[in-house]
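Please read the structure below before turning to the comments.
Next up, the structure:
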């Protein structure tokens, strides 16, 4: 980066200013100005701000992030780019953004898929008048800008985004993959990513969000916001794969509204980075809705990752099954805050939250906090949060079969998250993730040692 | 092959083995019987080097080497195998990869190349069949959700794959019905050979109808108190263990 080492930047002020310079479609102007206004009302988080207690944002002041990526930074050959996000065997229709700019050449041709009549995929900037009306009505209706500072900023800086609509009573087999690829640049810059998914009544679809980067040290701040609306009886498979290189700063959110008897299966994976924070909010608004929320995070070195989840049970008979697992290595830090809020009317709720963490070194740190707030009396709600070392019995068993202690440690650690990968509906995603995640464990005492991971992929 | 002299060991400050002697020659099958709490399981755990078992005296020579000086994984690679009484469940680690990791480790120790995945898969399927386990068990997590009998058969399958010199079966018969017992015993019998020895630890004589031992030893109070041929097992079955106590006293 070109900035002097000791220079600091007032990110909040610059970001607000940058928001004024960005330009989206005119029909989104009111959303934009509401976002700017809401952002201005937020106080910058400090250690005393409850929701940011363990995640420090000072990295945002170390460079001038409040600017777009340099022109032409989106030029990238297909051969370089595709391996970073392609998922073999998934056959996904892909929309690819490089450093925030849409890449026509890297993206799929959506005309055939759109013509199928089961799904509609369009960028905000290309939306027809009818689509504009739907987008304008839904966008920003699920996230609450007053509660989520970076949601507000995302709206304020809105230039474009992706709209996916799964059509009523139809099933779309082909997954839609939205890719945000960042590359190392000579300057700091922001990427503002926005996705709106509307799963209409009785529809079924698959959305994969991939956040990836090239290997070089990253200079981007990514602010990504996804809103999903599941109407009655809709089913949505959602994957959010955050696999960027470790210098990235990523502030992300996923906000969901579930109507009656809808089903969400959402899986998250987060590699650590300089600062990574993801807020997941699911609102059960119609009875009989089910949310299956799973995730794994694996920070190492000096990385930091923070998942804040909040499930709002507002109506009766909804269920939530939430499992997050973390493996924290080296001097890395992880934060997990899992809130389940059962409103007075939400009788017969079944909600389970489980968070297990494995610390691989005595300098690794996890702050985990389940938060249950229950205002209804006829509910079943369970939570568990544990921090553990490897299971000694399993270790002994593996040693007794001749497996070295180091390899056994790797196999057991990987097994801890592989349990969740095993449960994924879409096998090509399992197969894509396994080698990437396994690659985190090939550190032997004398450096990289691939023999340690040869039995896990 | 395996010579145990005056072995003493304790678990959590409690003396369990108090001077145990046993000499096992190649090809022999030794049964160790005894009342609950006599130290039967401790013997297997001490020999395999399990953490938490402290040897306080005596020696164990295994194929001319000092067994007690070896790490648990080295003992396994040298050819010592313990079939666990309670095999551990390891969700997330596939049974197939677990088996391959152990076979590769043992082969590497013997100076052999690791097996390629295709040949190993073929071999593992064969062994599955030999112990009457469905091939799907290879894909599942290690022992995850296996029934008691399936876990024991999985142990025997591991033994077949690792081709050890000395096999210790720790109460492998516990929790098995007659059919499962037969499968396990057939598996063991198929592995009997002039250069492989077995220590069969059991509380009941029943298993010894199927795996016929050369010698039967009675372990009580941390020592072998009586040794004999296979007929000793029948005597124990009939009379129980109390007469041993009287005889020793």
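Residue numbers (this note's numbering), protein chains in the order written: chain U, 1 to 457; chain B, 1001 to 1249. Glycine included, every Cβ here is placed at the ideal spot set by N, Cα and C.
At a cut-off of 8 Å between beta carbons, residue 75 of chain U makes no contact with chain B. Using a Cβ distance threshold of 8 Å, residue 288 of chain U and residue 317 of chain U count as a contacting pair. Counted as a single uninterrupted DSSP element, the beta strand (DSSP E) harbouring residue 307 of chain U occupies residues 304-313. Following the DSSP letters along the chain, one finds residue 324 of chain U inside the beta strand (DSSP E) bounded by residues 319-328.
With respect to chain B, the C-beta atom of residue 412 of chain U has a partner C-beta closer than 8 Å. In terms of Cβ geometry, residue 253 of chain U and residue 305 of chain U do not form a close pair [threshold 8 Å]. In the three-state DSSP reduction, residue 190 of chain U falls in the strand class (E or B). Residue 24 of chain U places its beta carbon 8 Å or farther from that of residue 186 of chain U. About 6 Å separates the Cβ atoms of residue 400 of chain U and residue 1082 of chain B, confirming a contact at the 8 Å cut-off.
Using a Cβ-Cβ cut-off of 8 Å, residue 416 of chain U counts as an interface residue toward chain B, since at least one Cβ of chain B sits closer than that to its own. With respect to residue 367 of chain U, residue 323 of chain U sits apart: the two C-beta atoms are not nearer than 8 Å. When CB distances to chain U are screened at a threshold of 9 Å, the residues of the stretch 1155-1174 of chain B falling below it are 1158 and 1162, in chain order. At a Cβ-Cβ threshold of 8 Å, residue 1240 of chain B and residue 1038 of chain B do not count as neighbours.
Against residue 1048 of chain B, the close residues of chain U are 400, in the order they occur along the chain (beta-carbon pairs closer than 8 Å).
Membership of residue 11 of chain U in the alpha helix (DSSP H) is indicated by the continuous run 11-21.
The C-beta separation of residue 274 of chain U from residue 246 of chain U comes to about 7 Å, placing the pair in contact by the 8 Å criterion. One thing to note: residue 239 of chain U has its Cβ within 8 Å of the Cβ of residue 267 of chain U.
Annotation: residue 1066 of chain B to residue 1127 of chain B spans about 32 Å, alpha carbon to alpha carbon.
The beta-carbon distance between residue 1026 of chain B and residue 1048 of chain B, rounded to whole angstroms, is 20 Å. This is too long to meet the 8 Å contact definition.
Within the same chain, and ignoring the five residues on either side of residue 391 of chain U in sequence, the residues whose Cβ sits closer than 8 Å to its Cβ are 412. Residue burial is scored here from C-beta neighbours: residue 242 of chain U has at least 16 other C-beta atoms within 10 angstroms and is therefore classed as buried. Taking a C-beta cut-off of 9 Å against chain B, the contacting residues of the stretch 375-394 of chain U are 391, 392, 393 and 394, listed in chain order. For residue 238 of chain U, the beta-bridge partners assigned by DSSP are U:207 and U:266. The C-beta of residue 1110 of chain B comes no closer than 8 Å to any C-beta of chain U. Within chain U, no residue has its CB atom less than 9 Å from the CB of residue 1032 of chain B, the nearest being about 19 Å off. Per DSSP, the beta bridge partners of residue 1170 of chain B are B:1201. In the three-state DSSP reduction, residue 457 of chain U falls in the coil class, being neither helix nor strand.
Residue-level contact check: residue 405 of chain U touches chain B, since one or more beta carbons of chain B fall below 8 Å from its beta carbon. DSSP places residue 1001 of chain B in the coil class of the three-state scheme, outside both helix and strand.
Within chain B, the residues 1091 and 1092 have their CB atoms less than 7 Å from the CB of residue 419 of chain U, given in chain order. Look at the beta carbons and you see the stretch 365-385 of chain U not touching the stretch 1082-1094 of chain B: under three pairs across the two are nearer than 8 Å. At a beta-carbon threshold of 7 Å, the residues of chain B lying near residue 456 of chain U are 1097, ordered along the chain. The C-beta separation of residue 155 of chain U from residue 202 of chain U comes to about 30 Å, leaving the pair out of contact by the 8 Å criterion. A check of alpha carbon separations from residue 277 of chain U across U:68, U:197, U:54 and U:12 identifies U:54 as the nearest.
With the criterion set as a beta carbon lying under 8 Å from some beta carbon of chain B, the stretch 93-117 of chain U has no members that meet it. Cβ atoms of residue 230 of chain U and residue 264 of chain U come within 8 Å of each other, at about 6 Å.
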